[in-house]
Structures are given as C-alpha cells and as structure tokens.
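If you read the protein sequences in the order shown, they are chains A and B. Residue 118 in the working numbering is what sits at position 137 of the first sequence, and the numbering runs on without skipping anything. Residue 129 in the working numbering is what sits at position 148 of the second sequence, and the numbering runs on without skipping anything. Structure, as structure tokens:
Protein chains: 2
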Amino acid sequence: MNILEKISQNQAVFSKSERKVAEAILANPQTAIHSSIATLAKMSNVSEPTVNRFCRRLDTKGFPDFKLHLAQSLANGTPYVNRHVEETDGPDEYTNKIFESTMASLEVARQSLDISVINRAVDLLTQAQKISFFGLGASASVAHDALNKFFRFNVPVVYFDDILMQRMSCMNCTEEDVVVLISHTGRTKSLVDVAQIARGNDATVIGITSKDSPLARECSLVISLDVPEDTDMYMPMASRIAQLTLIDVLATGFTLRRGTKFRENLKRVKDTLRESRYDKR
Amino acid sequence: MNILEKISQNQAVFSKSERKVAEAILANPQTAIHSSIATLAKMSNVSEPTVNRFCRRLDTKGFPDFKLHLAQSLANGTPYVNRHVEETDGPDEYTNKIFESTMASLEVARQSLDISVINRAVDLLTQAQKISFFGLGASASVAHDALNKFFRFNVPVVYFDDILMQRMSCMNCTEEDVVVLISHTGRTKSLVDVAQIARGNDATVIGITSKDSPLARECSLVISLDVPEDTDMYMPMASRIAQLTLIDVLATGFTLRRGTKFRENLKRVKDTLRESRYDKR
DNA sequence: CCCCAAATGTAGTAATATTACAACTTATAC
DNA sequence: GTATAAGTTGTAATATTACTACATTTGGGG
C-alpha cells in the first residue's frame, strides 16, 4: 500500500511528536526522501530517534527503508488511484491523467491475461488458411490495425467494418479459417450474429472481448481483457489500447512461431516500403 | 529518466567491474535496493568504492541516492524499455515484454510532449468547420480511430485511407478546415503531397509525426511524438499506441473546451448505441 | 620491457542511523 | 494533591554504513 496514504490515514495513531514528523513529510515529501534523519528531525522540530520510531510505526525497518517506500510512492505517477479528468483541468493536467490512466489500464490488462489462452490463439492463427478480423465502431479500427499487421505475414487476411460484408465473408468460411471478433462489451448484436454464422460453417472463432458476454459464449476461444473503462468521457479509450497491445502480442507470437527465415521476409516488406518514403538524412 | 534503462543502455560506458555491478543489479533489482553497499559489493565480486563509483557514473550523488532512484524505477509499472523480444521467448515472456515496453513508450511519449502545442491544436480543432484525418498503413487505423471519436462530437469529420481520396478531399479545403496528418516517420511521400495541397488551399494542417521530418516542415502545427520504436519486429507498435493516446488527449481537450452541455450530447450518442446491444444482465 | 593511464582495491575517516537509557510528561488511583 | 506507573521524548554512546585518499594492480602503446 502507498505509504503516503498510510501516513495521512494513521494520523490518529501517532503521538504528538510523531505527528510533527508526519506533517513535515506530507508538506514536502520530495525533500524528505533526500534528507538524512538528522535534517528531517530538525525540520520537524523533534529528535532523531523520534523520526526513527515514526518509521517503525509504519512497519518499515528503519529510516532508510522508510525512505525507499516513500520514494516508490512518489514515483508512481498516480498517487491517488482514480485520476479521472475533471471539468476544470488544464491541458497539462488532462494530458497527464490520460497517459497515466492508459498506462495503468495496460498494467491491469496484462495481469488479467491468461497466457495459455494466448498461446492457444497463436496456435490457431498459425494454422489458419485465412484469417478475418472484424469489429464495429471503435473496435473497427483495432481490426483495421490487425489487418495491417497480419497482412505483412503473407497470409490471406481479411478485414471489414461493414456488417453485410462481414456476414457474407463468414458465409464462405471453412473449418480451416479463423475469424477474430473484437468487441469491448461483447454485446453488439450483429457481431454475435457473425460469430454464429462463422461457427455454423465450422470456422474457428476467436473473441477479443470481455468474458461471460453474449459474444464470448459464441466463440471457440475467448481472450478476455478486463480493462476498467473510464466512462466519464463516453468514449472507448483504454479498452482499445489494450486490444491493440494484444494484437501486437498475437502478431509477435505468430512471427516467433514461424522462425527466423520468415522474419527475413518481414524485413523485405519493410525495405520495400522505403521506396515510398523520403530518405532519412 | 528511468535508471534501469540507463543501466542497460550505458553498458558500453562501464568498466569491467562496473559491468559486474550492473549485472548484479539487473539480475535482481528488488534485492539491490534492500542491500547495503557492502552486500552489493560482495554480490558483484567487487570492492565497495567500485559500487560507489558506479553510482556516480549514473549521475547520482552516491549509493543511497542511487537506491532511491532505483526504488522509483521499480515502483513504476514500467521496468525496462529495452526488453526486446528474444527468439527463444515463451508466450509469457513475450507477452510481458510487449506490455511493458508499450507502457514504457507511453511514458517516454508523455514526457516528450509539448503541452502548449496540444493546447494550440485543441484550439484549432474546436474552431474548425471540418476536420479531416488522414494516414497510411499503420497510421491509417489511427486516423480511423480519430474519426470514430470526433464523429461523436457532431462536427463534420472526414477520414480516408486512399491516397486519391485524400488528395481530392484536400483540393476542396478552405481556410476554415483543419487537416490532421498522421505518420510516425513523417517521410511518406504521398502524405507530404497531401499536406502541400491542403496548405495551398489555406487549410490548417496539423501533423502528428516526428519533428524535423519532411512532413513536419509542411505543417502549420506539429505535435511531435518521440517514441523509441522497437525495430526488431519490423512493425510499428509503440508509436501507434502513443498516437492513439494522443488522439484521446485531443478528443478530451475538445470536449472540455465545449463545456458541460456538449457532454450531455455525448451521453445521448452512447445511449443510442445501446439499442444495438444485448442488455447487460 | 617500460611507462603511463586507467581501473580497482585497502584502509582510514566521515556520515548516518540505531540503541540504551535517562528525563520528562501525562494520566490515574488513592 | 500526591504518588506512581505508563507512555513519550531527548541525550549520548555505539553500531552501521558510506565515502575519501591513497596504494596497488592491470592493460595498452611506444
């Protein structure tokens, strides 16, 4: 637990002098971590052992250990967990909050991932005759991105953000095809339909969605991403980034499974792109 | 800057013994922060002053100060930027490495951002009669995502991933239009052309690209994102995530500028979407 | 092979933190 | 009100830890 919060919460437990120390630290934690026990004692107008006792009361081994904990609390850009954007935030505030909460969501997503499922998904993708990526709305751009990645692998790959095209494409599926469906909520009706159609034609359906959703129930394999979505803004933000990172993971797993020679191919693709570019000076 | 990155990057600068220290720390940073200089010296098979010199070479005041920095690096969910995926990595390894390096890149991107430029960009976007988002390849899906976001704002917004459509669209630009061009390298020829056409018609051109690139030179305003791209995989990964997060920032700035009433509109858009969904139990 | 510079280690010194204990404060019982 | 015990705080001694100055070693070039 964050030691700064701990200090402000345990105020009641502290003795008079200890509270002085707490105040001195809270007033300027950044200075505190760069001070010696003597300096901090002076700043708080108490003796050195008092500071030491203060540290121990917070379940640290002593002053140096306490400083380490404090340093870590300060390092986390997110001292107070839910850094939602406020009405009154200026550009620097909302920029930092969005970046920080995006990073935090990625961390949560990473921890919620089931590696064995990822591995299985990579298995299925490498064996596929044809891969389709479908999504709608915000998830459409994720599917679009997946197309861009897997297209380089020289595998037949398909992407549509049009419901009818998605349905028609799935009508012609075979059991050797893999269909990847992307949806944060997993409750988009037409995407659930697409899943059923694909399954009806024996295709393998991989869902990148939240578990226990209607879509999840129709999939052969579900990669569930439990990302806390910031609903304040009424737009998918963090969920989408997590999905994209997952696509990166799948693409990387794909290339690793294919071996070194395959990666030389990739380099050639990249080299070809260079012709459409201005030279790097 | 993250001191763990610094250690792995500066390997070349270190002397033989210093490298031993670096290895010992990288092998088990968690232990390192709880050790005294003597313990760490033993673990690395060097003398105490060597450890001290090692710390100073990393621009810290000494060993205790170094430990503080190290503690802060460990506290951030983002251990190393340079955790490249290896040939031999298993699914859990490459998954974690990709998530971690993505988070690290976001942190780097955040620090490289110029807030005043963001603020200016939000200004321009809110005043625009029509907003266009153009990108090619991997950046196309970012533009696609931007479309999805800004479309909800009830502003005329346009997106094309087709070069000809992009050009034609820019032919009809006016000075009240804003064109946002997305490109990691900023060296894609046809996108530079598009910038010139748009500028020729007095439109405002915002570039989300790397600074000092040919594209940057053609833009009215450049939001530069300096993200270290992992080139091992020959695919844009981190740069794209940073671009998307930047889009989130711009969209958020946009809504904040428009005020509360505007945000109620957004809620209605979201509520409308609900009809296409299965109910949440 | 020798010299010089860089690197590393040794031993002493300085700083910092911890402990033991004494003095003081406060609360409570009589 | 006073005695006493418990709790709090400070002082001074001690132990730990980090740093500095200098000696020794190593390695590379003439």
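Just so you know, even glycine gets a beta-carbon here, dropped at the ideal spot from N, CA and C.
Same chain only: Cβ atoms within 7 Å of residue i, ignoring 5 sequence neighbours per side
| i | result |
| --- | --- |
| Ala223/A | Ser86, Leu87, Ala90, Leu206 and Val208 |
| Gln11/B | Leu55 |
| Pro60/A | Low local confidence applies: a pLDDT of 35 at Pro60/A is under 50, so the model's placement there is unreliable, and no value is given. |
| Gly58/B | Residue confidence for Gly58/B is low, a pLDDT of 49 falling below 50, so the modelled location carries little weight and cannot support an answer. |
| Val62/A | Confidence in Val62/A is poor, its pLDDT being 35 and thus under 50, which makes the residue's placement unreliable; the coordinate value appears in the next sentence. So the list is empty, once near-sequence residues are dropped. |
| Phe235/A | Val103, Leu106, Thr107 and Phe134 |
Chain-ordered chain B contacts of residue i [CB-CB under 9 Å]
| i | result |
| --- | --- |
| Glu48/A | Here the sequence assigns Lys to residue 48/A, which means Glu is not the residue at that position. Going along chain B in sequence order, the residues near Lys48/A (Cβ under 9 Å) are Pro45, Lys48, Leu49 and Ala52. |
| Arg34/A | Residues of chain B passing the Cβ test: none, with the nearest at roughly 21 Å. |
| His125/A | Ala121, Ser122, His125, Asp126 and Asp142 |
Cβ-Cβ distance between residue i and residue j below 8 Å
| i | j | result |
| --- | --- | --- |
| Tyr75/A | Phe114/A | no |
| Phe44/A | Val27/A | no |
| Ile204/B | Leu172/B | no |
| Asp183/A | Ile96/B | no |
| Leu49/B | Val123/B | no |
| Phe(-5)/B | Ala8/B | no |
| Phe35/A | Glu(-1)/A | yes |
| Ile79/A | Asp229/B | yes |
| Ile112/A | Leu106/A | yes |
| Cys151/A | Ala179/A | yes |
| Val103/A | Leu231/A | yes |
| Arg221/A | Ala121/A | no |
| Leu162/B | Gly181/B | no |
| Glu199/B | Ala176/B | yes |
| Ser25/A | Lys1/A | yes |
| Phe117/B | Asp70/A | The sequence as given places Leu at residue 117/B; Phe does not occur at that position. No, they are not a contact pair. |
6 Å Cβ shell around residue i - same chain, five flanking residues per side excluded
| i | result |
| --- | --- |
| Ser201/B | Thr185 and Val186 |
| Thr190/A | Ser164, Gly167, Leu196 and Ala197 |
| Glu156/B | Asp183 |
| Thr212/A | For Thr212/A, the pLDDT reaches just 49, beneath the cut-off of 50, and the residue's location in the model is therefore unreliable, although a value from the coordinates is still provided. Within the same chain, Thr212/A has no close Cβ partners at all. |
| Gln147/A | Phe115, Phe141 and Val175 |
| Ser93/A | Asp207 |
| Lys170/A | none |
Proximal residues of chain B, C-beta to C-beta of residue i below 8 Å
| i | result |
| --- | --- |
| Met149/A | Simply none; closest approach about 19 Å. |
| Val230/A | Tyr75, Thr76, Ile79 and Phe80 |
| Leu225/A | Arg221, Ile222 and Leu225 |
| Leu237/A | Val66, Glu68, Asp70 and Tyr75 |
| Asn129/A | Gly118, Ala119, Ala121 and Ser122 |
Other residues of its chain near residue i: CB distance less than 8 Å, five sequence neighbours each side excluded
| i | result |
| --- | --- |
| Leu51/B | Ile(-16), Leu(-15), Ile6, Pro10, Ala13 and Ile14 |
| Arg168/A | Ser194, Pro195 and Leu196 |
| Lys(-3)/B | none |
| Lys130/A | Ile228, Asp229 and Ala232 |
| Glu29/B | Ile18, Ala19 and Ala22 |
| Phe132/B | Val138 |
| Gln(-8)/A | Arg0 and Ala3 |
| Ile(-12)/B | Ala3, Ile6, Leu7 and Leu39 |
| Ser16/B | Met24 |
| Arg262/B | Any reading at Arg262/B needs caution, since the residue's pLDDT is 46, under 50, leaving its predicted position unreliable; the model's value is listed next. Contacts found: none. |
Residue i: contacting residues in chain B (beta-carbon distance under 7 Å)
| i | result |
| --- | --- |
| Ile96/A | Pro72, Asp73 and Thr76 |
| Met218/A | Asp229 |
| Thr155/A | Here the premise fails: no neighbours, minimum Cβ distance about 27 Å. |
| Thr233/A | Val66, Tyr75, Ile79 and Met214 |
| Arg37/A | Simply none; closest approach about 16 Å. |
Under 7 Å from the C-beta of residue i: neighbouring residues of chain A
| i | result |
| --- | --- |
| Asp40/B | Per Cβ cutoff of 7 Å: no residues; Asp40/B is ~14 Å from chain A at best. |
| Asn100/B | Pro72 |
Closer than 8 Å at the beta carbon, the chain A residues around residue i
| i | result |
| --- | --- |
| Ile14/B | Leu49 |
Cross-chain neighbours of residue i in chain A, by beta carbon under 9 Å
| i | result |
| --- | --- |
| Arg198/B | Per Cβ cutoff of 9 Å: no residues; Arg198/B is ~10 Å from chain A at best. |
Every unbroken beta strand (DSSP E) inside the stretch 71 to 100 of chain B [3 residues or more]: none
Contacting positions in the stretch 111 to 122 of chain B - beta carbon closer than 8 Å to chain A: Gly118, Ala119, Ala121 and Ser122
Against chain A: residues of the stretch 177 to 195 of chain B by CB proximity under 7 Å: Pro195
Every unbroken alpha helix (DSSP H) within the stretch 146 to 224 of chain A, with a cutoff of 4 residues, ordered by chain: Contiguous alpha helix (DSSP H) elements confined to the stretch 146 to 224 of chain A occur at 170 to 181 and 195 to 198, taking only those with 4 or more residues.
Continuous alpha helix (DSSP H) assignments of at least 4 residues falling wholly in the stretch 103 to 153 of chain B: 119 to 132 and 144 to 152
Chain-ordered residues of the stretch -8 to 14 of chain A with a beta carbon less than 9 Å from chain B: Ile14
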